[in-house]
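Here the structure comes first, spelled out in structure tokens, and everything after it is commentary.
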Amino acid sequence: KLSDDNYLLWHLQVLAGIRGLGLEPFIHQNPLVPPQIFLLYILVYVDDILITGSNGSQIQDPICQLNKQFSLKDLGDLSYFVGIEVFRSPVSSLFLTQTKYTRDLLLRTNMMAAKSLPTPMFPGLKLSSQGTDFFEHVTLYRSTVGALQYLTITRPDIAYSVNKVCQFMQRPLQSHWTAVKRILRYLCGTLDFGISLGNSPSLNLYGYCDADLGSDPDDHCSTSGFCWFFGNSPVLGAPRNNLWSLVAVLKQNIGALPMLYPICYGFVLC
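Laid out in structure tokens, this is it:
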């Protein structure tokens, strides 16, 4: 198992190898780039590397060059990466799902045979940190909720509910665990749900948002959420309790981010 230092060193070696191919990081505020520019995207997670780009015919050469340095094993078209399953349709679209990841989570929590429910949270439910009915298995609560957080990558339908139960990691109550189990029951009946990304006849940008003003019974903070679609494909979405507190947390943990998440590099051919 790689230590944190070795993990970071490996990423630095990969980055140096990529720069040796004549590629440079591409940083631009405008996501729309001229079609004549070839963009190469490399996602690195430990020793798993995902490579894609804006031109399929030009991807093979960087792969061959990297193979000379790191002895890569080409597994072909993407089908599974860090718990996310990828299915291709005949109409040039991708369907991303975490069915196996969800099934493993349900088995780990002994909820696979539970009766499914139509919604991930009871409508109008307000959870509070005040109470004395403490949930004894704190580690179980934290590991389950942490796994649900990762599941929201392809399951935005549970993002609001997961956001709520995440607020009680330090001292969960029985009522909080009941809310977590309802999310798991909902997943029992929606194992094959996911996100579809593909071509769309429309290039319009659509945004949806909602807010629950002062809904938190403890501090009366508001909960807001938004989702953006580019054509028929979702491109961005998140529930938030307080934007500035989120920014503060990211600033405090920015140094640890390479250890917690896959690192994605974008490069342009010089």
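Numbering (UniProt numbering), first residue to last: 1 to 270. No residue lacks a Cβ here, since even glycine has one placed at the ideal position from N, Cα and C.
For residue i versus residue j, is the C-beta distance shorter than 9 Å?
i, j, result
"C188", "L106", "yes"
"residue 310", "S161", "A question about residue 310 goes unanswered here, because the residues of the chain that appear run from 1 up to 270."
"S215", "C221", "yes"
"A114", "L184", "yes"
"F38", "G53", "yes"
"L117", "R182", "yes"
"T97", "D157", "no"
"T102", "L66", "no"
"Y186", "T119", "yes"
"L203", "F95", "no"
For residue i, which residues does DSSP report across the bridge?
i, result
"E85", "Y80, T97"
"V91", "Its beta-bridge partners do not exist; DSSP assigns none."
"A211", "S224"
"F135", "DSSP output for F135 lists no bridge partner at all."
"S233", "F230"
"Y206", "F229"
"T52", "Y41"
Using only the alpha-carbon positions, how far apart do residue i and residue j sit?
i, j, result
"K100", "G83", "7 Å"
"C64", "T139", "44 Å"
"Q13", "S71", "14 Å"
"residue 290", "L213", "The structure shown does not extend to residue 290, since the chain is modelled only from 1 to 270, so the question has no answer here."
"C227", "L8", "33 Å"
"residue 313", "L21", "The chain is shown only over 1 to 270; residue 313 falls outside these bounds and no answer can be derived."
"R142", "K126", "20 Å"
"P201", "F87", "21 Å"
"W10", "S93", "33 Å"
"S89", "Q170", "43 Å"
"N199", "S233", "8 Å"
"L205", "I153", "20 Å"
"P62", "D48", "16 Å"
"F230", "I195", "13 Å"
"Y80", "P217", "41 Å"
"F168", "L23", "45 Å"
"F122", "E85", "29 Å"
"residue 272", "Q60", "Residue 272 cannot be examined here, being either before or after the span of the chain that is shown, 1 to 270."
"N55", "K164", "41 Å"
"M111", "L78", "30 Å"
"H137", "Q149", "19 Å"
"residue 356", "V91", "Missing from the structure shown is residue 356; the chain here goes from 1 to 270 and no further."
"A211", "L75", "44 Å"
Name the residue from the options whose alpha carbon lies nearest to the alpha carbon of residue i.
i, options, result
"S128", "P172, F81, F230, Q60", "P172"
"S224", "G20, A159, W177", "A159"
"G207", "G194, V235, L197", "V235"
"V145", "P156, P123, H176", "H176"
"Q174", "D133, Y41, Y45", "D133"
"Q58", "L75, V46, L40", "L40"
"K73", "F135, L50, G131, L203", "L50"
"D219", "Q130, G56, N163, I42", "Q130"
"L43", "G56, N55, L15", "L15"
"V46", "D5, M111, Q149", "D5"
"R155", "T190, V91, E136", "T190"
In chain order, which continuous runs of the alpha helix (DSSP H) of length 4 or greater are located wholly inside the stretch 140-199?
159-165, 174-188
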